[in-house]
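Data first, discussion second: the structure below is written as structure tokens.
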Amino acid sequence: MTAPARTRTSADLIRAEEPVLAHNYHPLPVVVARAEGTWVEDVEGRRYLDMLAGYSALNFGHRHPALIEAAHQQLDRLTLTSRAFHHDRLAEFAQRLAALTGLDMVLPMNTGAEAVESGIKVARKWAYEVKGVPADRATIVVAAENFHGRTTTIVSFSTDETARAGFGPFTPGFRIVPYNDLAALEAAVDETTAAVLIEPIQGEAGVVIPDDGYLAGVRELTRRRGCLFIADEIQSGLGRTGRTLAVEHEGVVPDMLLLGKALGGGIVPVSAVVARRDVLAVLGPGSHGSTFGGNPLAAAVGTAVVSLLETGEFQARAATLGGVLRDGLTGLVGRGVVAFRARGLWAGVDVDPAVGTGREIGERLLAEGVLVKDTHGSTIRLAPPLTITEEELGTALGALGRVLEG
Ligand SMILES: *Cc1c(COP(=O)(O)O)cnc(C)c1O
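The sequence shown runs contiguously to residue 464 in my numbering.
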């Protein structure tokens, strides 16, 4: 018999995964056993500063007391009904999430990819029933280097060969244009276009921030050409960039917003399509659904997340500390950093390839007690919990400086 997990070392546990766990990830060699706030602890009791925050699923840090409390209370009362019945948590969640985002109606789902899939279905149905596109002819325009998730339909319009290879045949009906290029978008949109689907900031691509005016331009173009603007804010939304939504930096309200990751407070998967009433109204009973979407536990945690964001405190922290992050990274340019892009507490840092790959920098930072994740090549992403202190941010930047010096 094998020993209980708690007596096994990190190395044992990593070895034990190999024969039984699909190899679709290549994690850094750390085995996390507990966490609180900005800090995680491995099975040997070593502590690390979390500068990834679950790809922004942990915007409020690990086990935020208000979120844990909301989850505990709900666990003790009601966890699942399915949507066959009403439950007493869903109306408030939808009402407050819609109010927070400036939109009207909510379709609750679970994972980000499900929100994207649902948004695509809604946009297509809207194109046929409202816009009058001939049956099965609707197109959706997307951006190159996008990341919207991992389902068959979503990887159909990915430009990342690793994400696509071996998974065809793919779903038709998508047109790919360069990101941050309004002229290309203008040329790709026609009478079949249901929607333009973009990330306001491309996270997985390396925190790629479009030029000022791009998002406002997409809004103007989609309105003028009669198609929907769908903003995938699954990673950029909910405080990360210093605003509730990244589109707010350009004062833009899309027709449809896709949320996920931080909406579940790092506790449960919670995602949502939030849209104008006349758009989401195309869904009637039976046309779409999810056994777990909008379940009582998800709604309770999601409502607690909305409560935290209603105060504006986390958006303000991200904006203020984002300045500290930017200053720190500016000081590293030419000292191992080639370039960086940052907005709020979110940065893509291009490291000099001579210093190391993103993966190698991640490994060296791990040894310094800091967790980061590379995106691709020599780019690392910094996205700490929005609860991080200025001192902790200084610790992380200091470690990055030391690692880059070699
Ligand atoms: C993570 C992410 C998704 C997919 O979310 P999952 O919960 O992993 O399915 C979609 N879009 C963006 C922008 C993301 O960052």
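Here a beta-carbon is modelled for each residue, glycine too, at the ideal position from N, C-alpha and C.
Starting from residue i and walking both ways along the beta strand (DSSP E), at which residues does that stretch end?
i, result
"F232", "F232 to V235"
"S329", "S329 to A333"
"W97", "W97 to D100"
"A221", "No beta strand (DSSP E) holds A221; the alpha helix (DSSP H) holding it covers E219 to R222."
"E94", "V90 to E94"
"P166", "M163 to M167"
"L133", "Run containing L133: none in the beta strand (DSSP E); it sits in the alpha helix (DSSP H), P123 to L133."
"Y106", "R105 to D108"
Terminal residues of the continuous alpha helix (DSSP H) containing residue i?
i, result
"F151", "L148 to T159"
"P354", "P354 to E368"
"G416", "G416 to A425"
"G406", "Looking at the DSSP string, G406 is not in any alpha helix (DSSP H); the run it does join, the beta strand (DSSP E), is A405 to V409."
"I446", "Premise fails: I446 is in no alpha helix (DSSP H) and is neither H nor E."
"D70", "S68 to E75"
"I256", "No alpha helix (DSSP H) holds I256; the beta strand (DSSP E) holding it covers T251 to I256."
"E278", "Y272 to R283"
"S436", "Counting along the chain, S436 falls outside any alpha helix (DSSP H), and DSSP gives it neither H nor E."
"A171", "G170 to W184"
"R375", "E371 to T388"
"V213", "T210 to S214"
"L243", "L240 to A246"
Assuming residue i and residue j are in contact, meaning their beta carbons sit under 8 angstroms apart, how far apart are those beta carbons, in whole angstroms?
i, j, result
"A457", "V428", "5 angstroms"
"L424", "F118", "L424 to F118, Cβ: 24 angstroms. No contact."
"L279", "A252", "About 14 angstroms separates the two Cβ atoms, so there is no contact after all."
"P312", "T96", "At roughly 31 angstroms, the Cβ-Cβ gap does not stay under 8 angstroms, so P312 and T96 are not in contact."
"I438", "G420", "7 angstroms"
"S436", "D408", "6 angstroms"
"V90", "V98", "5 angstroms"
"G224", "A171", "At roughly 18 angstroms, the Cβ-Cβ gap does not stay under 8 angstroms, so G224 and A171 are not in contact."
"A405", "L383", "6 angstroms"
"R298", "H307", "That pair is no contact at about 12 angstroms."
"L107", "T378", "Rounded, the Cβ-Cβ distance is 19 angstroms, inconsistent with contact."
Flag this pair as yes or no: are the beta carbons of residue i and residue j separated by less than 7 angstroms?
i, j, result
"M167", "A333", "no"
"T229", "S214", "yes"
"V363", "L315", "no"
"L161", "P354", "no"
"L462", "G394", "yes"
"Y237", "A201", "yes"
"V199", "A246", "yes"
"A129", "V359", "yes"
"P258", "A221", "no"
"V337", "W184", "yes"
"T169", "P411", "no"
"V174", "I212", "yes"
"G381", "G402", "no"
"S176", "T349", "no"
"S114", "Q373", "no"
"L116", "G318", "no"
"H120", "E94", "yes"
"R399", "V265", "yes"
"V331", "L148", "no"
"E262", "T433", "yes"
"V159", "R195", "In the sequence as presented, Val is not what sits at residue 159; that position holds Thr. No, the pair does not count as a contact, with Cβ atoms beyond the cut-off."
"L110", "K431", "yes"
"V78", "E187", "no"
"G342", "L455", "no"
Is the beta carbon of residue i within less than 6 angstroms of some heavy atom of ligand 3?
i, result
"A171", "Although ligand 3 was asked about, the structure shown includes only ligand 1 as ligands."
Taking DSSP's pairing of strands, which residues face residue i in a bridge?
i, result
"F205", "Beta-bridge pairing links F205 to no other residue."
"P85", "Answer is none; P85 lacks a bridge partner."
"L79", "Answer is none; L79 lacks a bridge partner."
"M314", "I288 and A333"
"F398", "V407"
"V199", "R233 and V254"
"H145", "For H145, which the question treats as bridged, DSSP gives no partner whatsoever."
"V428", "L107"
"Q260", "V266"
"H120", "G95"
"V391", "V395"
If we cut at 7 angstroms on Cβ distances, does residue i have a partner in chain C?
i, result
"G103", "Chain labels in this structure do not include chain C; a single protein chain is all it has."
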